[in-house]
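Protein chains in written order, with full-length UniProt numbering: chain A, 1 to 306; chain B, 1 to 306. This report refers to the structure that appears directly beneath it.
What follows is the structure, encoded as structure tokens:
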């Protein structure tokens, strides 16, 4: 079987595009037979990007036999990977998240983690001179990953290196970066078809703070009214999600990409306390606007207090 | 305080030289104030190398305040690092061992793990064009790290890349690689001054197999008779080491660098079983010669069975 290249279980653009980019590199440059796969349904932006650049949607696989050769991208968190991940033959990890501990490998492998906004940017660096061999559709994926993870350079995770690479790729592809980013964000914002539980779990990570287990969900959108109009129904669904996923609280942040602010839904006093202690917010009602908050990684998780 | 750069608790040449190399790079090329430190007394080969290339022996530190900025080299194993390692501000990890899981970082950092023989080789690659700025004493350390970890290219961990780099450095330094390696190995073999417990713990890692906790110790030497003449006394000391370190068994391999074989001491039927099941050996007496066995990482640990 071809080497399996996959990201995390909630495939956004970086976790969908990066496996395709790296599988291209392995197949076409390294001469290693590789296949990009997804661990779940891609979000609407990722689906748009895949189609836009003329790729077939990668196969969705949730189970892998022990010993399967694999490359992990865009995560190092076992909770976001197949249950038997430590039984796979993981040959490389390329990621830009904090090390959470828990992944183990049977021997020394290639691991590259960099504090960049986007996995695809790290891949560009790893390719070295071979990056010049990228065809337009791979460049398009790479550009899309960067625009998505940086929210078109608005997120504080953005580095000069990510930005310069995106601008170079857009120039080579002869496309207008702002227009294309708007198309991507419109696709991401088109979430009407999803159930409340699907919205809560769409871009969500679990974190424990002082023994309280949170599901920290982020909806990045240029149309915040779509989820916010469903506020009451979303919060009613928290109990079900908490019970099914074994977490104590849900924190749902609706990130307005253009206004550069987040709205946190406040269903109870615990979340109210989190909003006040973590972000210095004054909460009055069932939601609170947090100006400037855009990044779970840089702004939400590091500040989370109960 | 300067950024602290350190390897593991049993500093061999790579774990002593690599912090010095990286601290040089950070100070002189990156402009980041950095200090190489050791987590324990360097072994005799490492001490020889440090003096040979004109360095002061780095300070030995075993405790670090929470929040101390640090770079970890040549390990990713919390058991080989300060107890409070996850409270330090770890900014980078450069390593060539399998991922054991357990290290956590507060944010995304630089992590580079490569399946090369030696940490110093990875550092050369990370430096890129700046490697040309290395002064002779840094080149000398780098050469020493490669010769030590590859046992002068005899270990199966050796890659073409490690070997080519060592040969290039020896040529630039105008030293005879074979002669210098012999000097290093003679220094490593000069272990008469150490107590039995010190010898057992000198180059030792803990691994659990099927619930049995082993201390897997390796003595690489060109003078195997020095430790082997103390066989009985060494095995008598196992009980003390096991009790103090909380392990069930000690496996002590005396690796004859020149003959490319290991002698495993066999104090009891458990270790006898390990020798038979792991290496297909026929054990008769209190030790057994294992032809070709030189690498804990590549040959001992992956094959360990109880």
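All residues carry an ideal CB built from backbone N, CA and C; glycine is no exception. Please read these numbers as outputs of a predicted model, since none were measured by experiment.
Q. Are the C-beta atoms of residue 140/B and some chain A residue less than 7 Å apart?
A. With a threshold of 7 Å between beta carbons, residue 140/B makes no contact with chain A.
Q. Is the Cβ of residue 296/A closer than 7 Å to any Cβ of chain B?
A. no
Q.
Tell me which residues share the same chain as residue 155/A and place their Cβ nearer than 8 Å to its Cβ, disregarding the 5 neighbours each side in the sequence.
A. 117, 149, 294, 295 and 298
Q.
Strictly below 8 Å CB to CB, what residues from chain A border residue 33/B?
A. Those do not exist, as residue 33/B stays about 20 Å from chain A at its closest Cβ, beyond 8 Å.
Q | Beta-carbon separation (whole angstroms), residue 16/A vs residue 38/A, contact threshold 8 Å | A | 6 Å
Q. Helix or strand or just coil, what does DSSP make of residue 33/B?
A. coil
Q) Cα separation between residue 312/B and residue 147/B? A) There is no way to answer for residue 312/B, as the model of chain B reaches only from 1 to 306.
Q) Quick one: what's got a C-beta closer than 8 Å to residue 82/B's C-beta in the same chain, skipping five residues either side? A) By the criterion of a C-beta distance shorter than 8 Å, residue 82/B is surrounded in its chain by 39, 62, 63, 64 and 88, once the five residues flanking it on both sides are discounted.
Q: Flag residue 12/A as yes if its beta-carbon sits less than 7 Å from any beta-carbon of chain B, otherwise no.
A: For residue 12/A, the nearest beta carbon of chain B is not closer than 7 Å to its own beta carbon.
Q.
Suppose the cutoff is 7 Å on Cβ atoms and the five residues either side in sequence are ignored; what does the same chain contact list for residue 105/B look like?
A. Excluding positions up to five away in sequence, the list reads 90.
Q) Between the beta-carbon of residue 181/A and the beta-carbon of residue 44/A, is there less than 7 Å? A) no
Q: Please confirm if the region 187–204 of chain A is in contact with the region 163–178 of chain A, defined as three or more CB-CB distances below 8 Å between the two stretches.
A: no
Q) Among all the DSSP beta bridges, which residues are the ones paired with residue 256/B? A) 221/B and 261/B
Q) Going by alpha carbons, who is nearest to residue 99/A out of 108/B, 246/B, 72/B and 167/B? A) 108/B
**Q.** Where the beta strand (DSSP E) containing residue 308/A begins and where it ends
**A.** Since the displayed chain A opens at 1 and closes at 306, residue 308/A lies outside it and no answer follows.
Q. By the 10 Å Cβ neighbour count, where 16 or more other Cβ atoms means buried, how is residue 1/A classified, buried or exposed?
A. exposed
Q: Jot down the residue ranges of each uninterrupted alpha helix (DSSP H) in the region 198–247 of chain A, minimum 4 residues, whole runs only, in chain order.
A: 225–228 and 231–245
**Q.** Contact belief for residue 247/B with residue 206/B at Cβ below 8 Å, rounded distance in angstroms
**A.** 6 Å
Q: Could you work out which residues of chain A lie near residue 103/B, taking near to mean beta carbons separated by less than 8 Å?
A: 99 and 101
Q: Measure from the C-beta of residue 113/B to each C-beta in chain A and report whether the shortest distance is under 7 Å.
A: yes
Q: Write down the C-beta distance between residue 265/A and residue 287/A rounded to the nearest angstrom, noting that I regard them as a contact closer than 8 Å.
A: 5 Å
**Q.** Beta-carbon separation (whole angstroms), residue 217/A vs residue 204/A, contact threshold 8 Å
**A.** 4 Å
Q.
For residue 107/A, would you say it is in contact with chain B, using Cβ-to-Cβ distances shorter than 7 Å as the test?
A. So yes, residue 107/A belongs to the interface.
(Q) By the DSSP assignment, the beta strand (DSSP E) with residue 112/A in it spans what residues? (A) It spans 110–113 - the beta strand (DSSP E) in which residue 112/A sits, taken as one unbroken run.
Q) residue 110/B touches chain A at which residues, Cβ-Cβ below 8 Å? A) The answer, in chain order, is 113, 114 and 115.
Q. Does residue 96/A come within less than 7 Å of chain B when only Cβ atoms are used?
A. Yes - at least one Cβ of chain B is within 7 Å of the one on residue 96/A.
Q.
My output table needs one value for residue 46/A: the three-state DSSP class, helix, strand or coil.
A. helix
Q. Is the beta carbon of residue 196/B sitting closer than 7 Å to the one on residue 237/B?
A. yes
Q | In DSSP terms, what residue 38/B is bridged to | A | Residue 38/B is bridged by DSSP to 60/B.
Q.
Helix, strand or coil, according to DSSP, for residue 126/B in the structure here?
A. helix
Q: Output yes or no for whether 7 Å exceeds the beta carbon distance between residue 71/A and residue 46/A.
A: no
Q. To the nearest angstrom, how far is it from the Cα of residue 36/A to the Cα of residue 94/A?
A. 14 Å
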